Structure formats: C-alpha cells, structure tokens
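Everything below concerns the one structure shown next.
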Amino acid sequence: MKPESFKKLSPEEQDWIDAYIEGTIETDEFNKLQNRMLDGSEFRAAMRRYLALDNTLQNEVPGAENLDVAAGSWSFQDPAREAVAPVKVIKFPSFVPIAAAAAMAFLLGSGWMYWQGSDSDSTTVNSGGEVARSNSDEPSAEGFAVITRLFDAGWDADHVRRQEGDRLGTELFELASGTAEIQFFSGATMTVEGPAEISLRSAWQAECREGAVRMKVPPAARGFVLQAPSTEIIDLGTEFGLEVRNGEGHVEVYDGEIEFLHKGEGKQLVRKGGAWDLPSDGVAELVESGLVQYPDADRMGSQTSERRQLDFERWQSHRDSLAEDNRLIAYYTFDRPNGEKLIPNLAKPGGGEFDGAVVMAEPVAGRWPEMKEALEFRRPGSRVRVNIPGEFSAFTFMTWVRIDSLDRWYSALFLGDGYENGEPHWQIQDDGRLMLSVMVDDTYVYPKNPNKKAAGLARIYFSEPIWDHSMSGEWMHIVSTFDPAKRSVAHFVNGKEISRERIEEKFFVDKLCIGNGEIGNWGLPHREDPVFAIRNLNGRMDEFALFKVALEPDEIRELYERSRMIHR
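Under the numbering used here, think of the first position of the sequence shown as -17, with each following residue one higher.
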C-alpha cells in the first residue's frame, strides 16, 4: 500500500514528475506541472516526496552550491532533516523561464515544511507562545492500557490473540487460561487469571464480567473504578482482588481501602483484611478473608523470569548452531567481553578478520535484559565499522532491531561506505518502509541530460511500511534478500514475507561486494571534509547476520522462530 501522497496522482501527473526527475520534461509539460503545483497542496506534497526518493540516487554533496537561476540550475538543502544535509542539485531544461525556475526554487526551498508535517508557507504562534500547528502535525496513537506480561496465556478460537506490548483501548479482553498483566495509563495495574472476560472502558475504569483480577492502584491512580455485574468498586489507593463467577462476586482488600456500591445499597468502606461476597440477587455479606486465591503479580514475575532464562538458553543454542553455517559472511550478537571496543564476528568462515569496531554506540539491555547486551545508536556519530572484502553472488541481511523513532530522513541498518558498483545500502525511510539498493553502475550519466550530476544507476527496492509510532520500543526481526540468480528482491518482518520485486534487466548486477561498511549509520567524513549526513539508527540492535546467499522464505521463518522471544 502506497502512502497517500503517491496514491492520488493521475497517470498524466505521474508522467510529468517522472519526466521532470529524469530531466526530459518538455516545455508544455513543465508549464502544466508548475500550474498543477500552484493549484494544490497535495500535489506539492507528492512532488516533494518523489524528489526526496530520487535524492537517494543522486550525488550527496556536502556543502551547498550557489543558486544560479540564469544558468538554469538551483540547489536545495534541507536543514530540518539533517544537521548538514546532502544537497539535491536539479538541472532545469534550458528553455525554462527564469520566473518558472524561481517559483520552483521557492517551492522546494520551503520543502522542509513538508517534512515537519505542514504544507503551509508561514509559521504562526498561538496565545501560549508555541508554534501553531494543525492536529495532524503531531504523531498520535490509540489506546489507554498495555499488556506488560503474559504467562502461559491461552486463547479460544474466537478470541483476539494478544502479545506482550499490545496496546488496549475500549474493548473486550478475553483470556481462556493463564495469566496476563495489564497496566493502565493512569498507573493502575491489573493482573488477570483466565478464564476471564474484562471490559476495558478507559484509563480509569474497567468491568470484570468473568474471572479473577488483582488490582494495584498507586496514589496517582486513586479513584480507579472496577465494576462487577452488580457492584461498583472505587479504589482509594490500595491493592485488592475481585472474582466474578456466573454473576456472583467476591472482593478482598490486601492493602489500603476501597469503597463499593452493591445494587441499591449504600456505599460501603472496606479496609485492609476485609472481604465481602457480592451476590447477584442479594445483599453484600461480610465473609472470612482468604477464601479465594487471586493472581499474584510477584509470583507471576518469578515464573516469567524462569521462563525467560530458559528462552535465552534456547537462543544461545541457536546462536552457536547458526555460527557454524558456512553460508555466513558475518554474524554479530553485540555482546562485548569486558566492554571491549570490538564486536567479534561469530561466523566461523569469516573469523576475526571481520570483527566490528564500535564507535560511540552504547551498550544497553537487549531482548533479554540482564542476560544479553545490545548496542544503541542514538548519537549522530554512533556506528559499528566493518571491513568485509571479497566478491559475492547474493546477499541476505538479517537483524533484530528495536526502533525508538524514525526522526530522520533515512535510518541506517547496514551500508557500504562508498556506494560503488555492487555495494549495498540497507535502510529504513522515515515513512517506515524498508529500502534495499545495490549500485549497478557508478559511472552512469543520464543520456538526455549529460550535465546532470548523478550518483550512477541503481534502484531502490521498497517494502510496505513496517513501522509506525505505535511500535516504538518493540523488537522486530527484519530480513531482506538480494538474489540476482532469481532476479528477485524480498523483504521479511517477523518471519513473514511482506514484499517481493523483480530485478529488471536494466538494474541487474551479480557481482556484489562490501569492503568498508557500517552497521547502524552511514556517512564517514572524507579525510579532508568533516561534514557527514546524519543517518544513525534511533534505536538498538542486538543481532545482525550477513549471508552470501539469498535465504529461502522457509529458512527465514525458521531463523525467526528459533531466535524470537517466546516469553518477554
């Protein structure tokens, strides 16, 4: 599915943009293009998007060129996206009037507003002294609670199958068996034991229709309301349990106090140690405490830790087995003995020659906190430098990555330094799409516009969007394959193929190489030039593998299953 700005183009509009980017646009077409941009903001946004994509195939020149309308050329630097952005140099046809060139220069020169989420040509300040923005400018997400832990969770066939990290909104949460922990954004925490049916109303209210729950409500969430079929419980900052079976309720207070309203009765205050039966057709009755065993978050935590340890040991066995695969070029798990600045290459065929050098990337918790390390690339200079000589006939790139945000134009996964013939660039664009490209001909010059500065001939193979703001902080298994023999490029997320595209004859290349490259960043300054593009990955990575073959879909699915976290 393409972004909206691409969807709304007519065939004629698409032809205009293609011809403009290729430098082959005719006078009448350019006039129509210019008029169309003046008429509609959506088309201007689409034009900017296409120019941004085309930029990846052009020279990325540090510094700025002078604007020279008389010469029929101008340059655009995007200050909002990178500290020192690469320059996009576009040559206009020599017949374009100066006024038209100036109008286009103004349009693209203000293009940074698009990347900030606005298509306006002006900035206003509201009464609070803040820059005024439309509601669509600010990223948003839905939900008011999140599943923080699951233990032996089971789901019936007609249930929604949940995972740790899932956000919950106004909906019915059903659990057939096992235990789940739900944290509300108000601060209240609910531990649910199945079989259970919980109606979630808001960050401050829920209803237990069936099952047993235990609530922990800190002072910040005081006033949280939990309903039963015939009762409303108002928490006053406490810990309590509620069980509902076939419409009959039971409540017990472990700490602090609650108030409840049962049917038509008056408000009842219950303090620590108090327990009440809540019949569906009778009055509430004070009973002995300890009659019901409620789910225990602490016990659940201990059990989960034991399972995670077993999970981690299972992954270690997989790691050792994978390292023996003779199709591997390099394999890094980012564990650093004694905090060394080298990341060992675990692939037996490559050995220590392909070890990675850590530059500014910081050790952080990986998928198994306190058991496994990851590297975080949050600072602009963060990277892992590698040198991988040799020539290859195919590539598979694999990583476990946690993206915190896509707050720059491109976020690097793995890139060759120079982007010369046969060298790959593997990245994520700011709209969440995976990008894989391999340089076909770094000497290529556009034949119809020989003066155009070009980065050579290459094609970017995009996936559908794989990430949005709601997925911030989630671990993902990402794989991309480049297979010249089968003329195919494919992308995979969490073991599933999400896109596949054919390599056209024009973009065919079967002699692949890497040489010097980087994990998590790109843009090593030239020896005499300190300027570099900011493409560091805003997130962390705790496993990366590079194969010299294109793995089959079933192999990729197996890699995911054997390395994933079953218990988080």
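Virtual Cβ for every residue (Gly too), placed ideally from N, Cα, C.
Since the structure is predicted, the reported quantities are computational estimates derived from the model, not experimental observations.
- Assignment of residue 141 by DSSP, reduced to helix, strand and coil, places it in the coil class.
- When secondary structure is reduced to three states using DSSP, residue 382 falls in the strand class.
- The Cβ atoms of residue 166 and residue 135 lie no closer than 7 Å to each other.
- Along the stretch 222 to 259, the alpha helix (DSSP H) does not occur as any fully enclosed run of 4 or more residues.
- Residue pairing by DSSP places residue 465 opposite 470 in a beta bridge.
- Beta-bridge partners assigned by DSSP to residue 411: 392.
- In the same chain as residue 202, and ignoring 5 residues on each side of it, the C-beta atoms closer than 7 Å to its own belong to 169, in chain order.
- Excluding five sequence positions before and after residue 533, the CB atoms of its chain that fall closer than 7 Å to its own CB belong to 378 and 463, given in chain order.
- The three-state reading of DSSP puts residue 278 in coil, since its state is none of H, G, I, E or B.
- Annotation for residue 478: the continuous beta strand (DSSP E) segment containing it runs 478 to 484.
- Sequence-distant Cβ neighbours of residue 270 in its own chain, meaning closer than 8 Å and more than five residues away, are 257.
- When the five nearest sequence neighbours on each side are left out, the beta carbons in the same chain lying within less than 8 Å of the beta carbon of residue 355 are those of 316, 317, 318, 345, 346, 347, 348 and 524, in order along the chain.
- Setting aside the 5 residues that flank it on each side, residue 421 is surrounded in the same chain by 401, 402, 403, 404, 405, 438 and 440, each with a C-beta closer than 7 Å to its C-beta; the list follows chain order.
- Around the beta carbon of residue 173, 16 or more other beta carbons sit within 10 angstroms, so the residue counts as buried.
- Taken atom to atom, the span from the alpha-carbon of residue 252 to that of residue 343 is near 53 Å.
- Beta-bridge pairing by DSSP links residue 179 to 156 and 192.
- In the DSSP assignment, residue 438 forms no beta bridge with any residue.
- The distance from the Cβ of residue 522 to that of residue 384 is about 5 Å, consistent with a contact at the 8 Å cut-off.
- For residue 15, the enclosing alpha helix (DSSP H) stretches over residues 9 to 21.
- Taking the C-beta atoms as reference points, residue 127 is found nearer than 7 Å to residue 164.
- Within a 10 Å sphere around the beta-carbon of residue 466 sit 16 or more other beta-carbons, which makes this residue buried.
- For the options 323, 305 and 337, the alpha carbon positioned closest to that of residue 329 is the one of 305.
- Here residue 139 is exposed: its Cβ has fewer than 16 other Cβ atoms, across all protein chains shown, within 10 Å.
- With respect to residue 499, residue 519 sits apart: the two C-beta atoms are not nearer than 7 Å.
- Looking at the DSSP output, residue 184 sits in a beta bridge with 187.
- Looking at 325, 30 and 152, the one whose alpha-carbon comes closest to that of residue 367 is 325.
- In the three-state DSSP reduction, residue 25 falls in the helix class (H, G or I).
- No residue range can be given for residue 448, since it is assigned to no alpha helix (DSSP H) and is classified by DSSP as neither H nor E.
- In this model, residue 415 and residue 374 are separated by some 26 Å (Cα to Cα).
- With contacts defined by Cβ atoms closer than 7 Å, residue 19 and residue 12 do not form a contacting pair.
- Beta-bridge partners assigned by DSSP to residue 313: 527.
- Residue 272 and residue 141 have their C-alpha atoms spaced approximately 31 Å apart.
- Residue 380 places its beta carbon 7 Å or farther from that of residue 274.
- As a beta-bridge residue in DSSP terms, residue 198 pairs with 171 and 221.
- Shown here, residue 544 sits in a helix according to DSSP, grouped into three states.
- Looking at the DSSP output, residue 459 bridges to 382.
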